[in-house]
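In the numbering used here, the protein residues as written are 213 to 420.
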Ligand SMILES: [Fe+2]
Ligand SMILES: [Fe+2]
C-alpha cells in the first residue's frame, strides 16, 4: 500500500538523520582495539575523514531506500533491504567513531539523503538492470574511496582502520551480489554525474 511505503520512507529518513539506525546489529569492528594516542591534528583529520564516510553511509541509506521503493519486484526489494541493513551497521559504526574522535556528522546530511533517495528511485524506475547497475557502480566507487582512506588515515588509528576495512569488504560483497543478480552497465553520462557527485560529497563533508 502506498501509505505504508510513505511511512516506511519517512521512518528510514528520520532514523538515519537522527542516529537511530540499528542496522543488522553486527558488533563494532573497533571493539577491543586500543585507541592510539593521536596528535591533535591527526585526531582532527581522522574525524573529518570519518565524517565523509558517515555522510556516504547516510547516502547509502537513502539510495537503497529509494531503490527499494522504486522497484516493483518483491524479491529484489528484499535483497536491497538486506544490503541496507548492513549499511545501517556502517552508519552506526561511523557515528560511534565520530563521537570517539570528538567530531560531528555533516551539516549537509539532509541534502545527501535527498540526493541519494532521488538517484536510487530514478534508477529503480528504469528497471532491474539499471537498479542493480547503480548498486555496482556506487559500491565500487565507495570501495575505491575507502581504500584511499586506508592509505590516508593516521597509521596509528587502528580503530578507524578496523571500521573502514570491514566496510570496504562489505561494499565489495554488495557489488558482487548485485553483479550476480544481473546488473547492467549504467550509461556513461550517468557514471560521470555520479563521479562529480561523489567528489562534491567527499569534499563537502570534509568541512561541512
Ligand atoms: Fe556502507
Ligand atoms: Fe554497500
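Idealized CB from N, CA, C, for every residue including glycine.
Open item on the list: In this structure, how does DSSP classify residue 349 when only helix, strand and coil are distinguished?
Closed with: helix
Open item on the list: Taking only three categories from DSSP, how would you classify residue 400?
Closed with: helix
Task: Where residue 369 falls, given that 16 or more other Cβ within 10 Å makes a residue buried - done: buried
Task: Identity of the residue in 338, 408 and 243 nearest residue 372 by Cα - done: 243
- [ ] For residue 353, I'd like the list of residues in its chain whose CB is within less than 8 Å of its CB, leaving aside the five on either flank, ordered along the chain.
- [x] 406, 407 and 410
TODO: Identify whether residue 294 lies in helix, strand or coil by the three-state DSSP scheme.
DONE: helix
- [ ] Please find out if some non-hydrogen atom of ligand 1 comes closer than 6 Å to the beta-carbon of residue 272.
- [x] yes
TODO: Go to residue 430, then tell me how far its alpha helix (DSSP H) extends in each direction, as first and last residue.
DONE: Given a span of 213 to 420 for the chain in the structure shown, any question on residue 430 remains unanswerable.
Open item on the list: Given a cut-off of 7 Å on the beta-carbon distance, is the pair residue 343 and residue 279 in contact?
Closed with: yes
- [ ] From the DSSP output, in three-state form, read off residue 281 for me.
- [x] helix
TODO: Using only alpha-carbon positions, find the residue among 390, 383 and 389 that is nearest to residue 300.
DONE: 383
Task: Delimiting residues of the alpha helix (DSSP H) encompassing residue 325 - done: 321-337
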